[in-house]
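**Q** Attaching a single structure in structure tokens format; questions to follow.
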Amino acid sequence: MVSLRHMNFQPIVPDDAELLLQLRKGDRIAFDELFNRFAEPIHTYVKMRLNGSEEADDVLQEVFIRLWNKRQSIVIHTSFRNYLYTIVQHCICDHQRASKRKRYTLTAEMPEHTEERPQPDEQYQYKQVYHLWKNATNKLPGQMRRIYSMKNEEQLSVKEIASELQLSEQTVKNQLHTAGQRIVKMLRQVQIFF
Numbered sequence: 001m002v003s004l005r006h007m008n009f010q011p012i013v014p015d016d017a018e019l020l021l022q023l024r025k026g027d028r029i030a031f032d033e034l035f036n037r038f039a040e041p042i043h044t045y046v047k048m049r050l051n052g053s054e055e056a057d058d059v060l061q062e063v064f065i066r067l068w069n070k071r072q073s074i075v076i077h078t079s080f081r082n083y084l085y086t087i088v089q090h091c092i093c094d095h096q097r098a099s100k101r102k103r104y105t106l107t108a109e110m111p112e113h114t115e116e117r118p119q120p121d122e123q124y125q126y127k128q129v130y131h132l133w134k135n136a137t138n139k140l141p142g143q144m145r146r147i148y149s150m151k152n153e154e155q156l157s158v159k160e161i162a163s164e165l166q167l168s169e170q171t172v173k174n175q176l177h178t179a180g181q182r183i184v185k186m187l188r189q190v191q192i193f194f
């Protein structure tokens with residue numbers, strides 16, 4: 001007779017789609033599970049995009065606040081990971097725009113920054129993620145790469161990009177969406193981005 005303690009049981013882990021259904025109903029446990037799955041890789045990615053900024057914690061928090069606030073209206077066209085990546089990109093852009101505006105405020109109004117030096121293993125991880133991300137963006141087709149760069153590196157608005165490149169705003173949005181999907185796919189192949 002085989003006893004139960006000798007059997008190797010694997011816990012049943014709900015997939016993203018199941019968790020999403022529960023999240024739409026306001027299930028906090030599903031939300032916590034999604035946070036536990038995605039917080040660390042998102043945090044690493046955001047820190048890399050913000051050059052190791054300690055403000056990555058704020059952006060991470062904003063990502064999950066938006067996810068919770070939009071839980072009832074979430075519509076997934078491709079995958080939850082792509083949907084989440086889009087939220088991450090919007091939060092990073094919003095943060096960068098806000099930081100840009102802060103540069104023009106009086107120095108007395110600016111909070112003091114106490115930069116903590118990252119640990120060597122964190123520095124290595126940031127560099128690795130940065131190079132993989134840069135590689136992924138460099139593999140985008142010409143115009144798509146330019147649009148992605150204008151949005152994420154130059155922090156131009158969709159309207160500004162459309163005007164400069166003489167494209168419709170919808171074309172710019174479509175190109176940014178497709179670029180995001182391609183980058184996630186490339187990063188997922190090396191298992192670096194959630």
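Position 158 of the sequence shown, counting from 1, maps to 158 under UniProt numbering, and the rest follow consecutively.
Ideal placement from N, C-alpha and C gives every residue a C-beta, glycine not left out.
Just so it is clear, the structure is predicted and the values come from calculations on it, not from any experiment.
For the 8 angstroms Cβ check, are there 3 or more pairs between the region 55-74 and the region 153-164?
**A** With a cut-off of 8 angstroms, the region 153-164 and the region 55-74 do not count as touching, because too few Cβ pairs lie within range.
**Q** Distance, Cα to Cα, Glu169 vs Val129?
**A** Within the sequence shown, numbered from 1, the residue matching residue 169 stands at position 169. Within the sequence shown, numbered from 1, the residue matching residue 129 stands at position 129. The alpha-carbon atoms of Glu169 and Val129 are separated by roughly 30 angstroms.
**Q** Using a Cβ-Cβ cut-off of 6 angstroms (strictly less than) and excluding sequence neighbours within five positions of Ile183, which residues of its own chain qualify?
**A** For this step, residue 183 is matched to residue 183 along the sequence shown. Same-chain partners within the cutoff: Ala136.
**Q** Could you check what DSSP says for Ala108 in three-state terms: helix, strand or coil?
**A** Here the question's residue 108 lines up with position 108 in the sequence shown. Annotation note: pLDDT 33 at Ala108 (below 50); position unreliable, coordinate value reported separately. Three-state result, Ala108: helix.
**Q** Would you check if the distance between the CB atom of Ile42 and the CB atom of Val75 is smaller than 8 angstroms?
**A** In the sequence shown, residue 42 corresponds to position 42, counting from 1. In the sequence shown, residue 75 corresponds to position 75, counting from 1. For Ile42 and Val75, no; Cβs fall outside 8 angstroms.
**Q** Label Ala179 either buried or exposed according to how many other C-beta atoms from any shown protein chain fall within 10 Å of its C-beta, with 16 as the threshold for buried.
**A** Taking the sequence shown and counting its residues from 1, one reaches residue 179 at position 179. Counting Cβ neighbours within 10 Å, Ala179 comes out buried, since at least 16 surround it.
**Q** How many Å lie between His90 and Leu132 at the Cα?
**A** To locate residue 90, count along the sequence shown from 1; it is residue 90. To locate residue 132, count along the sequence shown from 1; it is residue 132. Roughly 20 angstroms separates the two Cα atoms.
**Q** For Leu187, which residues of its own chain have a beta-carbon under 8 angstroms away from its beta-carbon, when the five flanking residues on both sides are left out?
**A** Along the sequence shown, read from residue 1 onward, the residue named residue 187 stands at position 187. Once the five neighbours on either side are set aside, the close Cβ partners of Leu187 are Leu132, Trp133, Ala136, Phe193.
**Q** Who are the near neighbours of Arg28 in its chain, counting only those whose CB is closer than 6 angstroms to its CB and skipping five residues on each side?
**A** What you label residue 28 is simply residue 28 of the sequence shown in a count that begins at 1. So the list is empty, once near-sequence residues are dropped.
**Q** Return the CA-CA distance between Asn174 and Asp57, expressed in angstroms with no decimal places.
**A** Along the sequence shown, read from residue 1 onward, the residue named residue 174 stands at position 174. Along the sequence shown, read from residue 1 onward, the residue named residue 57 stands at position 57. Looking at the two C-alpha atoms, the distance is approximately 29 angstroms.
**Q** Between Leu84 and the rest of its own chain, which residues show a CB-CB distance below 8 angstroms, the 5 nearest in sequence each way excluded?
**A** Your numbering for residue 84 matches position 84 in the sequence shown. Excluding sequence neighbours, Leu84 sits near Phe38, Ile42, Val63, Leu67, Phe194.
**Q** Between Lys139 and the ligand SAH, is the CB less than 7 angstroms from at least one heavy atom?
**A** Within the structure as shown, the ligand SAH is missing, as the structure has no ligands at all.
**Q** Can the beta-carbon of Lys151 be found closer than 8 angstroms to that of Leu167?
**A** For this step, residue 151 is matched to residue 151 along the sequence shown. For this step, residue 167 is matched to residue 167 along the sequence shown. For Lys151 and Leu167, no; Cβs fall outside 8 angstroms.
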